[in-house]
Amino acid sequence: MKPDARFGLTTLTCVVIASMIGSGVFTTSGFSIAALGSAERVLVAWCIGGVVAICGAIAYGELARRLPVSGGEYLYLSRQLHPFAGFLAGWISLTAGFSGAIAMAAITFEAYAVPESIRPTWFIPNSVAVASILIFGFGHAFLVKLFAAIQNAVVGIKLVALTTFLIAAATQISSRQWYWAPLEDNLPPAWSMATFTAMAGSVMWISLSYAGFNAAVYIASEVKDPEVTVPRSLWLGTILVTILYIALNAVFVSAVPASELAGKPEIAAIAAKAVGGNSMELLIRCAIGLGTLSSVAGMIMTGPRVFSRMADDGVFPAMFRTGPNSISRTVLLQTVIAASLVMVSNLSELLGYLSTTLALSSAVAVFTLLLPAKRSAAESDRPMSTAVRLCAITYVASTIVIAGLMAKNEPADLKATGITLLLGGILWLFSRGRFLPENKG
279 MKPDARFGLT TLTCVVIASM IGSGVFTTSG FSIAALGSAE RVLVAWCIGG VVAICGAIAY
339 GELARRLPVS GGEYLYLSRQ LHPFAGFLAG WISLTAGFSG AIAMAAITFE AYAVPESIRP
399 TWFIPNSVAV ASILIFGFGH AFLVKLFAAI QNAVVGIKLV ALTTFLIAAA TQISSRQWYW
459 APLEDNLPPA WSMATFTAMA GSVMWISLSY AGFNAAVYIA SEVKDPEVTV PRSLWLGTIL
519 VTILYIALNA VFVSAVPASE LAGKPEIAAI AAKAVGGNSM ELLIRCAIGL GTLSSVAGMI
579 MTGPRVFSRM ADDGVFPAMF RTGPNSISRT VLLQTVIAAS LVMVSNLSEL LGYLSTTLAL
639 SSAVAVFTLL LPAKRSAAES DRPMSTAVRL CAITYVASTI VIAGLMAKNE PADLKATGIT
699 LLLGGILWLF SRGRFLPENK G
């Protein structure tokens with residue numbers, strides 16, 4: 279075991295689950311029903327998203343097996359493609375990839391923890407969001423094992439709440455009416471171009487709910503037996519979340535008529551109230567709050583490891599290099615940036631463009647598996663299996679299609695992505711070699 283190995287399979291799997299289950303699973307299906315017009319087609323979209331995510335998890339597991347150290351996309355692209363490509367991936371993570379997602383999760387947590395209907399007049403907007411970031415930020419900076427255990431407990435409570443909801447729904451399978459009738463009587467045929475386009479659009483948004491399946495790769499250097507543990511945690515966590523997502527949405531989309539769900543973001547609360555009354559609605563709202571809170575904790579835990587790896591390579595200030603206090607410093611940096619972003623208006627629009635950018639970054643990272651390997655001393659020599667290669671191809675192709683559809687529907691996002699990459703390129707020219715230690719020249 280490595281001397282700095284602090285995390286095992288349980289913690290890593292919880293990190294994956296925490297990073298995946300945010301607010302998307304509780305809101306997306308309302309818009310999907312409006313687009314697809316059928317509960318069955320919505321479930322097909324969730325199944326497609328799950329298959330893509332599982333393929334991505336298997337592919338990332340191969341990346342982690344080849345190079346079992348922290349760093350994520352920054353590391354993989356730097357080593358297998360070019361340092362500049364890795365720097366851009368790290369720049370995206372630093373500026374908003376993790377920080378923006380943390381901020382959005384914290385804002386969502388505040389919305390469910392302190393609904394506007396019960397807020398006192400003296401309540402300061404975003405105060406709960408900032409507080410949640412600061413608590414987990416300082417906790418992961420100075421009390422790593424304790425807050426890892428707290429995060430595991432939060433994930434466990436969240437899963438118990440969701441399982442309770444599913445059990446309550448299962449007990450009513452034969453005693454209540456379930457609504458599978460389409461939104462309209464004259465739906466387009468299943469294989470028509472209109473249905474295909476609508477399905478692609480729904481999968482595009484649903485895929486965001488599966489984001490986070492690769493979370494464990496960012497802390498690989500601190501894992502026991504990372505070549506085995508990291509890949510196992512990725513596919514185990516992703517499969518569990520996929521099963522949970524499909525089961526939850528089977529209830530969400532059929533608990534009430536489609537007309538009462540179409541276009542509504544609070545689909546989970548509506549379904550929960552139909553299944554178990556006000557008490558079940560409260561339980562689901564608590565689960566959503568815990569889901570977003572655990573996302574805050576999970577991303578604060580994983581993101582800073584990328585910045586330490588960048589500092590080790592001399593493209594980030596030396597004070598963040600791997601060492602006794604480096605993780606504390608990078609966690610605090612991440613915390614400050616995320617807390618600051620909470621104050622930014624239109625953050626949801628910001629994350630719209632980030633989802634495109636990060637999806638492309640992930641696709642390029644997995645694409646390196648299909649290139650001739652550039653071996654290093656840290657990498658495994660075991661050849662990649664045909665099954666893993668097929669998973670990598672499936673993930674890359676699917677992600678490019680999804681990202682392309684997002685860019686087509688929201689061209690402003692693509693423009694913002696270009697500006698981000700341009701700024702990253704300018705910073706690369708400035709930082710290249712500037713932060714290298716003296717013994718590296």
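Using this note's numbering, the first residue of the sequence shown is number 279, and each one after it goes up by one. Beta carbons are placed, not taken as given, at the ideal position from N, Cα and C, and that holds for glycine.
query, result
"Segment contact, 8 Å Cβ cut-off, at least three pairs: the segment 537-546 with the segment 342-362", "no"
"Ser-307 vs Val-322 beta-carbon contact at 9 Å", "no"
"Backbone secondary structure at Phe-530 - three-state DSSP", "helix"
"As assigned by DSSP and simplified to three states, the class of Val-329", "helix"
"Where Gln-429 falls, given that 16 or more other Cβ within 10 Å makes a residue buried", "buried"
"Touch test, the segment 389-400 against the segment 366-381, Cβ-Cβ under 8 Å, three pairs minimum", "no"
"Buried versus exposed call for His-360 [16 or more other C-beta atoms within 10 Å across all chains shown]", "exposed"
"Reduced DSSP secondary structure (H/G/I, E/B, other) of Phe-285", "strand"
"Sheet register partners of Val-666 (DSSP bridge)", "DSSP lists no partner for Val-666."
"CB of Ser-511 within 9 Å of CB of Leu-647, strictly", "no"
"Stretch-stretch touch, CB-based, cutoff 8 Å, three pairs: the segment 560-572 with the segment 585-597", "no"
"Nearest-angstrom Cα separation, counted from Gly-581 out to Ala-296", "14 Å"
"Ile-680 classed as buried or exposed, judged by whether at least 16 other C-beta atoms fall within 10 angstroms", "buried"
"Rounded straight-line distance, which links the Cα of Ile-332 to that of Ala-489", "11 Å"
"Presumed contact (8 Å Cβ cut-off) between Gly-576 and Ala-493, rounded CB distance", "6 Å"
"Counted within 10 angstroms of its Cβ, other Cβ atoms place Pro-509 as buried (16 or more) or exposed", "buried"
"Ala-447 versus Tyr-338, Leu-619 and Val-534, residue with shortest Cα-Cα distance", "Val-534"
"Contact between the segment 691-710 and the segment 658-669 (3+ Cβ pairs under 8 Å)", "no"
"9 Å Cβ cutoff, Pro-595 in contact with chain C", "Any reference to chain C falls outside this structure, which holds one protein chain only."
"The alpha helix (DSSP H) enclosing Pro-535, as first and last residue numbers", "No alpha helix (DSSP H) contains Pro-535, which DSSP labels as neither H nor E."
"Per-residue burial, Thr-399 [other beta carbons within 10 Å of its own, 16 or more giving buried]", "exposed"
"Through-space distance from Gly-682 to Asp-691, alpha-carbon basis", "11 Å"
"Residue interval of the alpha helix (DSSP H) (run including Met-577)", "545-580"
"CA-to-CA distance, Gly-434 to Lys-502, given in whole angstroms", "22 Å"
"Unbroken alpha helix (DSSP H) run spanning Lys-693, endpoints", "689-709"
"Beta-bridge pairing of Val-501 - partner residues as DSSP gives them", "Phe-285"
"Whole-number beta carbon distance between Arg-587 and Gly-302, since they are thought to touch under 8 Å", "Contact doesn't hold; Cβ gap of about 28 Å is too wide."
"Through-space distance from Ala-641 to Val-674, alpha-carbon basis", "5 Å"
"N- and C-terminal bounds of the alpha helix (DSSP H) containing Pro-346", "Here Pro-346 belongs to no alpha helix (DSSP H), and DSSP marks it neither H nor E."
"Between the CA atoms of Phe-414 and Leu-341 - distance to the nearest angstrom", "29 Å"
"Met-298 to Ser-487 span [Cα, whole Å]", "6 Å"
"Alpha helix (DSSP H) segments (min. 4 residues) lying fully within the segment 354-410", "361-370 and 377-391"
"Reduced DSSP secondary structure (H/G/I, E/B, other) of Leu-341", "helix"
"Contact set for Arg-599: own chain, Cβ-Cβ below 6 Å, skip 5 residues either direction", "Ala-589 and Asp-590"
"Cutoff 6 Å; reference Ile-326; Cβ partners in own chain excluding five residues on either side", "Val-481"
"Own chain, CB closer than 7 Å to Gly-419, minus 5 neighbours either side, in chain order", "This sequence places Ala at residue 419; Gly is not what is there. The residues are Ser-606, Val-609 and Leu-610."
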